[in-house]
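Asker:
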Amino acid sequence: MQELKERIQKEGRNLGGGILKVDSFLNHQIDPGLMTRLGAELARRLAYTRPTKVLTAETSGIAPALATAAALGIPVVFARKSPPLTMDYTIVKETCRSRTHDKMVELMVSTEYLTPHDRVLIIDDFLATAQTITALARLVAKVNATLVGVGTVVEKEFEYGRVNAKDLNVPIESLAVITSMDDGKIVIE
Numbered sequence: 151m152q153e154l155k156e157r158i159q160k161e162g163r164n165l166g167g168g169i170l171k172v173d174s175f176l177n178h179q180i181d182p183g184l185m186t187r188l189g190a191e192l193a194r195r196l197a198y199t200r201p202t203k204v205l206t207a208e209t210s211g212i213a214p215a216l217a218t219a220a221a222l223g224i225p226v227v228f229a230r231k232s233p234p235l236t237m238d239y240t241i242v243k244e245t246c247r248s249r250t251h252d253k254m255v256e257l258m259v260s261t262e263y264l265t266p267h268d269r270v271l272i273i274d275d276f277l278a279t280a281q282t283i284t285a286l287a288r289l290v291a292k293v294n295a296t297l298v299g300v301g302t303v304v305e306k307e308f309e310y311g312r313v314n315a316k317d318l319n320v321p322i323e324s325l326a327v328i329t330s331m332d333d334g335k336i337v338i339e
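Start counting at 1 in the sequence shown, then tack on 150, and there's your number in the numbering used here.
1) If you count every other CB in all the chains shown that lies within 10 Å of the CB of T209, and 16 or more means buried, which is it?
2) Which partner residues does S324 have in the DSSP bridge list?
3) Under 8 Å: do the segment 298-307 and the segment 272-281 share three or more Cβ pairs, one atom per stretch?
4) Can you give me the C-alpha to C-alpha distance between K335 and K231, rounded to a whole angstrom?
5) Span of the alpha helix (DSSP H) holding A220?
6) Pick out whichever of R288, M151, L170, K160 has its Cα sitting closest to the Cα of T206.
7) For L286 versus S324, is the C-beta spacing smaller than 7 Å?
8) Exposed or buried, which one is G311 when buried takes at least 16 other CB atoms within 10 Å?
9) Determine the direct distance from the alpha carbon of V290 to that of T202, and round the result to whole angstroms.
10) What residue range is occupied by the uninterrupted beta strand (DSSP E) comprising M344?
11) Using alpha carbons as the reference points, say which of G223, L184, T265 lies closest to N294.
12) Between I158 and A315, what straight-line distance do the alpha-carbon atoms span, to the nearest angstrom?
13) Considering only residues of the same chain and omitting the five flanking positions on each side of I241, which have a CB-CB separation below 8 Å?
14) Any idea if V226 is buried or exposed, counting beta-carbon neighbours within 10 angstroms, 16 or more meaning buried?
15) In the DSSP assignment, the beta strand (DSSP E) including A291 goes from what residue to what residue?
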């Protein structure tokens, strides 16, 4: 998606170690118009999978997941990192390493909102190592739902997330693919 690529080139910052800062429009401050267009594009590319729910991880995945779910006309569920007092149904949990926070995080979903009848589309902000995405896929499997696809805003190809997620056997769509972040640069496919 050309608009996204231009925003990454203009506003993105390579912080080293494979970390891309896009806080000005995606991860801290959100550009609602851009987010709506990103969600519409992910929905257009993945509508054929016929999802009934969109699943993402708290927190940075919520905006693109909501925009995609709105474009598809289906609910979005986000995996929480800590249980609220209101979570009174059975919870399924998975752990994964957060690339951004460099620590293990626990993801949990209530079986009240993710059921065996659901066809689940995972949407996230980044595809890097695929640890979060594969943890979300394990949550889908734990409730006997069907994983139908994965969509991400930005893919860092050099971190092999797509390769790591190949066993999911579902289509994976990314709106911008970064091929390299060597020498302080951001190289987009």
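Ideal Cβ positions, reconstructed from N, Cα and C, are used throughout, including at glycine.
Answerer: Based on what the coordinates show:
1) Start at 1 with the first residue of the sequence shown, and residue 209 comes out as number 59. With fewer than 16 Cβ atoms within 10 Å of its Cβ, T209 is classed as exposed.
2) Here residue 324 corresponds to residue number 174 of the sequence shown, with the count starting at 1. S324 is bridged to T302.
3) The segment 298-307, when compared against the segment 272-281, does touch it at the 8 Å Cβ threshold.
4) Within the sequence shown, residue 335 is the residue found at index 185, counting from 1. Within the sequence shown, residue 231 is the residue found at index 81, counting from 1. Cα atoms of K335 and K231: separation of roughly 32 Å, rounded to the nearest angstrom.
5) Locating residue 220 in the sequence shown gives position 70, counting from the first residue. A220 -> alpha helix (DSSP H) spans 212-222.
6) As a first step, residue 206 must be located in the sequence shown, where it is residue number 56. It is R288 whose Cα lies nearest to the Cα of T206.
7) If you number the sequence shown from 1, residue 286 lands on position 136. If you number the sequence shown from 1, residue 324 lands on position 174. Not a contact, by the Cβ cut-off of 7 Å.
8) As a first step, residue 311 is located in the sequence shown; it is residue number 161 there, counting from the start. By the 10 Å Cβ count, G311 comes out buried.
9) On the sequence shown, position 52 is the one that residue 202 refers to. On the sequence shown, position 140 is the one that residue 290 refers to. Here the C-alpha atom of T202 lies approximately 13 Å from the C-alpha atom of V290.
10) The structure shown does not extend to residue 344, since the chain is modelled only from 151 to 339, so the question has no answer here.
11) Counted from its first residue, the sequence shown places residue 294 at position 144. Answer by Cα proximity: T265.
12) Indexing the sequence shown from 1 puts residue 158 at position 8. Indexing the sequence shown from 1 puts residue 315 at position 165. Between I158 and A315, the C-alpha separation is close to 24 Å.
13) Sequence index remark: in the sequence shown, residue 241 carries index 91 (1-based). The answer, listed in chain order, is P233, M258, V259, S260, T261.
14) Taking the sequence shown and counting its residues from 1, one reaches residue 226 at position 76. Around the beta carbon of V226, 16 or more other beta carbons lie within 10 angstroms, which makes this residue buried.
15) Residue numbering aside, residue 291 sits at position 141 when the sequence shown is read from its first letter. Counting along the chain, A291 falls outside any beta strand (DSSP E), though it belongs to the alpha helix (DSSP H) covering 281-292.
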